[in-house]
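Following our numbering, the residues of the sequence shown are numbered contiguously, the last one being 1260. All C-beta atoms in this analysis are idealised placements derived from N, C-alpha and C, irrespective of residue type, glycine included. The structure presented is a predicted model; accordingly, all values stated were derived computationally and were not measured.
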Amino acid sequence: MTVPIEWALLGGGLALVGGVVALVRARARRRREALQELCLIRGFRFEDGRPGAERTHADVLGLFDAGHSRKWGCTLSGSKNGVPFTAFEYEWVTGGGKSRHTHQVRAIVWEDPRTAFPMFALTPEGFLSRIGQAFGMQDIDFVDAPEFSRAYRLRGDDEAAIRTFFTPELRAFLAATPDQRVSARGPSLFWWQNGRLPAVEALDEWLDEGDRLRRRFFKT
């Protein structure tokens, strides 16, 4: 019996899709196992995710209110230099159909009840944000720190408190380490970058980078 060419092509296409799905799942499994092993070695806790956890921090990090299909994914928690941290992946979707786009970030959150940050969001300055400023979008600039002000857009609901918090030393550090993304409110400080958690072999270096930034922001 001869199989029609259309059925043969359909069968081949389904087999190809099935093979791709299996490969993606195998890679995800190996990555998860590698993260679990690292956590075991470092004394960290590993979680596949924290469904809905973003809702408890939506007033700190605006990304948690963006788009739809939100997912708090792989999570590592423990202590670095004696300070508790939680590192995680987060993704959300904007648009739909051909305009659908998935966004992914990796982040670390530190929380200290002895600290009370003013609410602020610090992100790299860019072309679109400069256009927004021309139409009244908030950006807190410092006349005595032009490099910092050119490098970053700073927003928040208490400008006086933010200006007091962003000392000359902190502004100089940030100007010398561009492209940082930081949000804070009350006891919580978030630092994030685009993309998923680094590969296991680069994870310690990334955690160190985050901890260096954390020490600049926490005053206690």
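For residue i, which residues does DSSP report across the bridge?
| i | result |
| --- | --- |
| V1145 | Y1130, N1234 |
| F1086 | L1116 |
| A1224 | F1160, L1229 |
| P1124 | S1119 |
| E1151 | S1228 |
| G1196 | F1160 |
| K1111 | E1131 |
With distances taken from CA atoms, which of the options is nearest residue i?
| i | options | result |
| --- | --- | --- |
| G1107 | R1065, T1115, R1140, V1100 | R1140 |
| R1090 | E1077, A1066, E1241, E1129 | E1129 |
| V1240 | C1114, R1110, R1203, E1094 | C1114 |
| G1122 | E1209, D1152, R1070 | D1152 |
| L1186 | T1207, D1197, A1215 | Per the sequence shown, residue 1186 should be read as Pro rather than Leu. Looking at the Cα atoms, A1215 is the closest of the given residues. |
| F1257 | Q1233, R1072, P1208 | P1208 |
| D1251 | T1126, Q1178, R1236 | T1126 |
Report yes if the C-beta of residue i is less than 7 angstroms from at least one heavy atom of the ligand ZN; otherwise report no.
| i | result |
| --- | --- |
| R1090 | Here there are no bound small molecules, and the ligand ZN is not part of this structure. |
For residue i, which residues from the same chain have a beta carbon less than 7 angstroms from its beta carbon, with the 5 sequence-adjacent residues on both sides left out?
| i | result |
| --- | --- |
| E1199 | I1180 |
| E1264 | Nothing can be reported for residue 1264, as the shown portion of the chain is limited to 1041 through 1260. |
| F1167 | For F1167, the pLDDT reaches just 45, beneath the cut-off of 50, and the residue's location in the model is therefore unreliable, although a value from the coordinates is still provided. Contacts found: none. |
| D1197 | M1159 |
Should residue i be labelled buried (16 or more other beta-carbon atoms within 10 Å of its own) or exposed?
| i | result |
| --- | --- |
| I1148 | buried |
| G1083 | exposed |
| E1165 | buried |
| E1245 | exposed |
| V1145 | buried |
| E1094 | buried |
| R1211 | buried |
| A1242 | exposed |
| A1068 | exposed |
Report all residues from its chain with a CB closer than 8 angstroms to the CB of residue i; omit the five preceding and five following residues, and keep chain order.
| i | result |
| --- | --- |
| C1079 | R1085, F1086, L1116, G1118 |
| F1230 | H1097, V1100, L1101, A1147, I1148, V1149, V1222, S1223, A1224 |
| K1259 | T1155 |
| W1132 | L1103, A1106, G1107, H1108, S1109, R1110, K1111, T1142, H1143 |
| T1217 | L1253 |
Excluding the five sequence neighbours on either side, which residues of its own chain have a C-beta within less than 6 angstroms of the C-beta of residue i, listed in chain order?
| i | result |
| --- | --- |
| A1201 | P1158 |
| T1163 | R1193, R1221 |
| P1238 | W1246 |
| A1161 | R1195, S1223 |
| G1135 | H1141 |
Looking at the secondary structure, which residues open and close the alpha helix (DSSP H) in which residue i lies?
| i | result |
| --- | --- |
| L1214 | 1208-1216 |
| R1252 | 1240-1257 |
| E1187 | 1186-1191 |
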